[in-house]
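Numbering (full-length UniProt numbering), first residue to last: 1 to 736.
Beta carbons: idealized from backbone N, C-alpha and C, even for Gly.
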DNA sequence: GAGCACTGC
């Protein structure tokens, strides 16, 4: 019941001398020109965000230069499959309210279709500037993609980025309200626009890109668009773009909308399976990499880099770290006639500096082996990869509505995912993919992974619907229904947070919560802080909590020292736990004068500097939103009196307001029992309170996850009296 | 006494 390690396919121990059998040669046509985000920043996921305003370079390019460059790019554009099918595609879009377009990688759909639309839907007049309310929105699931695509398309179109063509992502808006006719935005941004302008009156056409990824937000947008077309906006054009199957789902959802298929341009990838299943994926990956390294000669030429690098997919950090250390340990003793292996880990929780190492070309007779999580499936593209090793597993977070906790499971990936991973070997030239499972196992994989909306907590989506004005959320236009149970528990949760009233209508408080860029629980905390007049302190913590991977895991060998250093910096955190630690870390970071000092400090404490830069932005955004919501000037400057000590009790009571249910009582045997159900829960090893000798009569935690057992993450020590004070009414409601 | 995949506002 614990971590569902899917070793169901586990078989005999005979892993030695395992050869690969070629089973299936992908019969794709030989590759021609491959189009990728040339000219756009390649590589690291968020690297583009790191240095602010690095796009300013563009500003001084003359109109003439823009046109010349566009003319040059036109040659490339014309070779794209989408470009050659322009008439066929546009005639469908012209005569249908919704068109579903299946375009493979390299078809050019994300860059070309929006430009065709600009010409056609908005009229070809270049000087018209577009009538009011005539723009085209193109949504992307990720920030970098939105930025890169807009940059590329502006170049192709021969215009200044931020004028006719622009983008809008959180903390970065390069679009002009009157002038921008084509706007790339993240799906989160479009949802926000929907909350503020229900009819999307500014747009004539909305393109949903990467719809197959089925993020919660794209699912929601599709629902909103269908409702709009059937109601206030029958004229709204919708194009759903997707890379793989699922066309039927989208087509059915939009009254049998036509489905168009455009072939991509990618290189063939030869696929291999194991003759029999393996029982140790780390061992199997290591063997595969070593075997590949000796059997596949290194390719000289190319663009300077050696070429022929190996990308391995593993489910999580633990497996990756293990494999990396084994590979790097054995590589010096391997045959000298083959390239020396150099292994690199890649996962989201890795310090940005470490992540960047996978992009550096190697010197000498070496071969790069990158061991990555799912991050390399969509978010990060590593240049030079010719071989993919796929263990066929991934980790998913599955929300248990009945229990109110998240479980982390290792599960087999879908066929779609496996294809996507294989495709990573064929981006620059023909490649090979080695699957560490049998072909039979492959056949048994589900076609698609379970969509996010069916396995997530949906308080936030439900609050959005309520804010939008949807009364009957159970019978709303769900692309895929999340299930009655999920909806009921979300409604209950929102009611307990006082975002909804007895009749299930959104309250004034609920509206405020919906407008904050936070999970409803954290919104409740922040608004409570405003009421209790401790906004200053609480906003720091909330901002830190909403930035991922701020506090990184130190390597095992330096773990104890790092913990010790953190304790030295955080006296309150040592006593009261992780929330106060975040507060102290933020203050310490902010008080450092120079960037150099900050960098050094982050390194010493194993914290992410990029994370802190984000914290500062988030914090400012939150403060300005709260200010606007209350129409009062918040105490933005942090210079309060010297002797004004932090009121820890007040701060933690604010968190109790949003997380009453996430509390547990300390037992004599030092274990904890959760207040709603009495289950045992343990403090997560990453917590400041994990090894602490401070006894806690009660704890509050931000997250309850079940891996090998129930763990509380982001834990704070609280007093029973606070719990009684804040919780008295709510807890009674909360009993199931 | 032991470890979280990935996005977004």
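A check of alpha carbon separations from residue 645 across 683, 362, 597 and 584 identifies 584 as the nearest. The residues 292, 296, 308, 309, 310, 311, 425, 431, 432, 433 and 434, in chain order, have a CB closer than 8 Å to that of residue 387 in the same chain once the five nearest residues on each side in sequence are set aside. Per DSSP, reduced to three states, the secondary structure at residue 167 is strand.
Here residue 528 has 654 and 657 as same chain residues with Cβ atoms under 6 Å from its own Cβ, once five neighbours each way along the sequence are excluded. Contact between residue 207 and residue 239 is confirmed by a C-beta separation of about 4 Å, below the 8 Å threshold. DSSP places residue 187 inside the alpha helix (DSSP H), whose first and last residues are 187 to 196. Pairing residue 322 with residue 349, the inter-Cα distance amounts to about 16 Å. Counting along the chain, the unbroken alpha helix (DSSP H) around residue 536 starts and ends at 535 to 545. Just measuring C-alpha positions, the residue of 169, 449, 693 and 199 sitting nearest residue 567 is 693. Residue 451 sits away from residue 610, with the two beta carbons spaced by 7 Å or more.
Per the coordinates, the alpha-carbon of residue 289 lies some 10 Å from the alpha-carbon of residue 371. The continuous stretches of alpha helix (DSSP H) do not include residue 214, and DSSP gives it neither H nor E. Our two residues, residue 403 and residue 457, have alpha carbons roughly 11 Å apart in a direct line. Taking C-beta atoms under 8 Å as the contact rule, residue 413 and residue 400 fail to qualify, at a distance of about 22 Å.
Nearest to residue 163 by C-alpha distance, out of 169, 151, 171 and 170, is 151. With contact defined as three or more Cβ pairs closer than 8 Å, the segment 668 to 679 and the segment 371 to 380 are not in contact. Of the candidates 279, 618 and 365, 618 places its Cα closest to the Cα of residue 516.
Secondary structure of residue 674 (DSSP, three-state): strand.
Here residue 171 is exposed. Its C-beta has fewer than 16 other C-beta atoms within 10 Å.
The residues 476, 477, 478 and 479, in chain order, have a CB closer than 7 Å to that of residue 223 in the same chain once the five nearest residues on each side in sequence are set aside.
Non-local C-beta neighbours of residue 723 in its own chain, meaning closer than 7 Å and more than five positions away in sequence, comprise 656, 663 and 698, ordered along the chain.
Taking a contact as a CB-CB distance under 8 Å, the pair residue 622 and residue 543 counts as one, their CB atoms being some 6 Å apart. Exclusion of the five residues before and after residue 667 leaves 673 as the residues of its chain whose Cβ lies within less than 8 Å of its Cβ.
Exposed is the label assigned to residue 472, since fewer than 16 other Cβ atoms lie within 10 Å of its Cβ.
Secondary structure note for residue 703: its beta strand (DSSP E) is the uninterrupted segment 698 to 706. Here the segment 584 to 597 makes no contact with the segment 334 to 351; the two share fewer than three CB pairs at distances below 8 Å. Around the beta carbon of residue 71, a 10 Å sphere encloses fewer than 16 other beta carbons of the protein chains shown; the residue is thus reported as exposed.
The beta carbon of residue 218 is closer than 8 Å to those of 139, 141, 187, 208, 210 and 211 in its chain, skipping five residues each way along the sequence. Under the three-state reduction of DSSP, residue 489 is assigned to helix.
Leaving aside the five residues that flank residue 262 on each side, the residues in its chain whose CB is nearer than 8 Å to its CB run, in chain order, 81, 82, 85, 89, 101, 102, 103, 104, 107 and 109.
For residue 114, the three-state secondary structure derived from DSSP is helix.
Relative to the Cα of residue 118, the nearest Cα in the group 203, 189, 145 and 148 belongs to 203.
Residue range 393 to 400 is occupied by the beta strand (DSSP E) that includes residue 399. In the three-state reduction of the DSSP assignment, residue 498 falls in the coil class. Using a Cβ distance threshold of 7 Å, residue 165 and residue 157 count as a contacting pair. CA-CA distance, residue 74 to residue 420, rounds to 28 Å.
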